[in-house]
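Chains as they are written, first to last, in the UniProt record's numbering: chain A, 1 to 572; chain B, 1 to 572. One structure is given here, and the rest of the page talks about it.
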């Protein structure tokens, strides 16, 4: 025992121990909690300053402590540090003016759920550290499974709490959910066979050799989420072996192109064949919200002997509401489907889920260890990629109860109304061009002043080589304009839309810079949308002044003018 | 517009909208929060019933709703459902009597942090949805990096907020952290080279072919966490290619065996060589808390041209305290290190981190997409396996400030004291055998009544073949006894230790069933430990009655008795 200041050490340990017990009179704690909520409430109520005016270099100076603090601080001091340094400079993702990403407002009861999750601190990996919560997880997994595959009462009564199988996994996010689906698909494609113990044991190289394949590929449309290439990297398939299929005018996979590509792949590559591990349908693309033709894709995939995976991370929750179900026809024939709770289930960051039509599929990746998740245990961790996991599923479990199918119906109706409103406001303005028929609350468009827009229309009708060349030049110019506008909007910071580049607009194959709005915040309304468009129009017209002279030179000249070609200094 | 009951629909939407706004007078919310915390507080204060008495089939009956609820419920009704069905039947992982897993009590201010994280709902993937929080993340990543690699002020001043590089990633847990490290290691081993675009683009098979290897392996001790084999599966290396190196008597990798294995691997396998992708050191094994000889391993790994990874998910945080640093000597020579916040940083489930010595290493897996994490952006998501991620790092960031290095010093001293106390109590009892010299708060032991223990000692000295055989038989018997005891303890449920099976006890290579205690809850004290041991002894002695006759038959007989061989009906 150390004799230096034992009194002080002892009293400090007592202080620390007290931190681990909810105070017997929790007034102080409640007071903190109250202040915190007030503070965050006020922060979100402030108008404007979506991203806070502070610059990134200024933030770098605030968070510049390069070593762990030595001396302890009081909780209240750290809380006010959080208030001054962090809350003030956070992004108001819950603001009705923040319509640029899938991150949105959440119902306030979610904060209560997070309190419960943290206070219980269950670890979902294992029944010994997660009892009721393991059953809650199986219950919500069954709900989601049924929503997609709808196999009937008997099936769910049998499997909902059957620990020998897993209808799916709760994951940390959609990327992990897609990765899980593709891991299973890969193992099914290279399953144990005679002496060959399966890819999972033997590795990619021996698997290809055993089955006589030259390589293994995944097919997804050009709208595929980047988690698919990430998965191909992780799984040792190689990003090159994600084959991107062009989309039609509605941003759905072009099935003719898919069929041709499959025929192509089925020809032998030298001496060996190519294995199609998975064909992936998208139910709500990240950029445009579009849903692939899942029904036909299911047939094509199964005919090609591929695992049919549907990435419904964005749109899947819309199946809760009858009037959206038709979009998803065929999804019940998927082998696996992924869905995110932090998107259209309005949960806080982050929770994904992957569901398998065949409840035995997750056995392909089942694992065990001596000290946790023993072979014959009931532990959820046998089937998951992640190890330790929080009780995140409480959030959608509660929100599905509190909001209910009916409530989600109303929320989605409101989201649809906002989407329609925004499209109408933009179309009526005259200085914008909307570029998709939004299916699931995502609208892409660009700023293009009336004069330029009309000129493009004229050239489009004309169809001469010269007009085509001019259209390309003007589009390059408008691309630059929209990049500049987006940057100016970020500086203005009273609202937020995102920006991307698309090859599948009416100007295809030219890449077009577009603004992107995701309209799911139920607090967003028509006046707010009008305000946002008016700001974009005002700032856009101001920037247009610099671009206008170049536009008129393009419009007037017939020959290729090197100066004009150089007039789009914004690489896209 | 639908004319059916528009009033009702409108009012419902209004109700839903209100859910998304913190109530202007948040009394109701505060009241809920208060009740919740009281409820969870009471739950944890209850003595006994660690896992609740409810059986798994009974829980199956509670959570048996096979479809999403149609009608919404009131928040207060769902909260009381949570109270009755979930909280009551959760595992009291925060109880000082729960000493079986790494999941433990957390300081109550963590609940405040979770409230902030949920209310802000930042998405760490991208600066557009996470502003200050991206900088907080880089700051704590720098703290952890410095704790391990300690590169000096200039290095951290330069890199802490340098968005062109990443010192490491925050991940959802230790498994994802280890996976990230091994993904980087794999890519470094098969980096782009001339026409070859790197494994990530080309896949495993082409990578091996290009570099002329027959396979790629990972070396880790028999104490390696199961996330390593999981990673080998995911990465397409194959679980078979995780080579398990035996440990010494202190559960540290046997370096002689490692050297021999490397020599073996460096011989050509037919025409082609074998690539050692990574050699993994463990700094705090899951089963015994042991730390490998990292200094020597670093040399061996680098000489073998392998990425040296250290899995410090369990122990890494102990480096915060000077008196533990010597255990980790050599860790600063690792290429990557993983560490978990939900273990010795006392954060709620779950957050891991991976740190790379070379701040450029994460570039091997950098990715981008058009609509998020553009190539030249400052977005954290460029480097991570996960996509959407919560602002989890606020929790360790705050706890390192509130508890501070000093506070962690006291917490670990208390954990050490509990570990020493438990060892002493067990050794003094006479009916237990402790089986490791605990380094980081994990003790393994078994119940073995004095008579059997003494007899084993006598046989051990004797060293005859016959005695060896008898030792094996008695150990089989005691294995069965400890499995039965562990099950009985689970039924008693006044305390909790875990159970595993080890090949590296003094009885090696025989596999021995052991009980495992993890002693990090600062509320656990000596009287509690005495109570736990006394319960184990009482129940153990009761079970021993069934086993005793067999033990005496083994002790008295010299010949191999088939009945006795059959006396260990508990396969291990």
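Glycine included, C-beta positions come from ideal geometry on N, C-alpha and C. On a predicted model such as this, the values are computed, not experimentally measured, just so you know.
Interface annotation, residue 168(A): not in contact with chain B, CB-CB separation never under 8 angstroms. Beta-bridge pairing by DSSP links residue 501(B) to 513(B). Looking at the backbone, the Cα of residue 543(A) and that of residue 480(A) are separated by about 10 angstroms.
Sequence-ordered contacts of the stretch 221-239 of chain A with chain B read 225, 226, 227, 229, 230, 232, 233, 234, 235, 236, 237, 238, 239 [C-beta pairs closer than 9 angstroms]. Assignment of residue 434(B) by DSSP, reduced to helix, strand and coil, places it in the strand class. For residue 39(B), same chain residues with a beta-carbon under 8 angstroms away, outside a window of 5 residues either side, are 83, 87 in chain order. Cβ-Cβ distances below 7 angstroms link residue 190(A) to 198, 199, 207, 211 in the same chain, with the five nearest sequence neighbours on each side left out; the list follows chain order.
Among the CB atoms of chain B, one or more fall inside 8 angstroms of the CB of residue 370(A). The stretch 424-501 of chain B contains, as complete beta strand (DSSP E) runs of 3+ residues, the segments 432-434, 442-447 (chain order).
Just measuring C-alpha positions, the residue of 312(B), 383(B), 347(B) sitting nearest residue 227(A) is 383(B). Close to chain A, meaning a Cβ-Cβ distance shorter than 9 angstroms, are the following residues of the stretch 54-67 of chain B: 54, 56, 57, 59, 60, 61, 62, 63, 64, 65, 66, 67.
Within chain A, the C-beta atoms nearer than 9 angstroms to that of residue 523(B) come from 17, 20, 21, in chain order.
By the 16-neighbour rule on beta-carbons within 10 angstroms, residue 205(A) is buried. Contact annotation: the stretch 165-177 of chain B touches the stretch 382-400 of chain B, with at least three C-beta pairs closer than 8 angstroms.
Contact annotation, residue 276(B) with residue 306(B): C-beta distance approximately 4 angstroms; criterion of less than 8 angstroms satisfied. It is roughly 29 angstroms from the alpha-carbon of residue 374(A) to the alpha-carbon of residue 318(B). Counting every other CB atom within 10 Å of its CB across the protein chains shown gives residue 268(A) a total below 16, marking it as exposed. A straight-line Cα-Cα distance of about 18 angstroms links residue 21(A) and residue 343(B). Across the structure, residue 495(A) and residue 90(A) are spaced so that their CA atoms are roughly 14 angstroms apart.
Taking 8 angstroms as the cut-off, the Cβ atoms of residue 431(B) and residue 540(B) count as close.
The beta-carbon separation of residue 352(B) and residue 125(B), rounded to 17 angstroms, does not stay under the 8 angstroms limit for a contact. Within 8 angstroms of the CB of residue 452(B), no CB atom of chain A is found; the nearest one sits about 23 angstroms away. Chain A has a Cβ within less than 8 angstroms of the Cβ of residue 111(B).
Listed along the chain, the chain B residues whose CB falls inside 7 angstroms of the CB of residue 136(A) are 63, 86.
Counting along the chain, residue 336(A) sits inside the beta strand (DSSP E) bounded by residues 336-340. Cα atoms of residue 424(B) and residue 454(B): separation of roughly 18 angstroms, rounded to the nearest angstrom. The alpha-carbon separation between residue 465(A) and residue 459(A) amounts to approximately 10 angstroms. According to the DSSP secondary-structure assignment, residue 352(B) is paired through a beta bridge with 171(B), 340(B). DSSP places residue 299(B) in the uninterrupted alpha helix (DSSP H) bounded by 294-303. For residue 103(A), a Cβ of chain B is located within less than 8 angstroms of the residue's own Cβ. Bounds of the beta strand (DSSP E) holding residue 213(B) are 213-221. Residue 29(A): member of the alpha helix (DSSP H) spanning 27-45, first to last residue.
Counted as a single uninterrupted DSSP element, the stretch harbouring residue 308(A) is not any alpha helix (DSSP H) but the beta strand (DSSP E) occupying residues 307-311.
With a threshold of 8 angstroms between beta carbons, residue 424(B) makes no contact with chain A. Taking a C-beta distance under 8 angstroms as the contact criterion, residue 510(B) and residue 472(B) qualify as a contact pair. The alpha-carbon separation between residue 522(A) and residue 68(A) amounts to approximately 41 angstroms.
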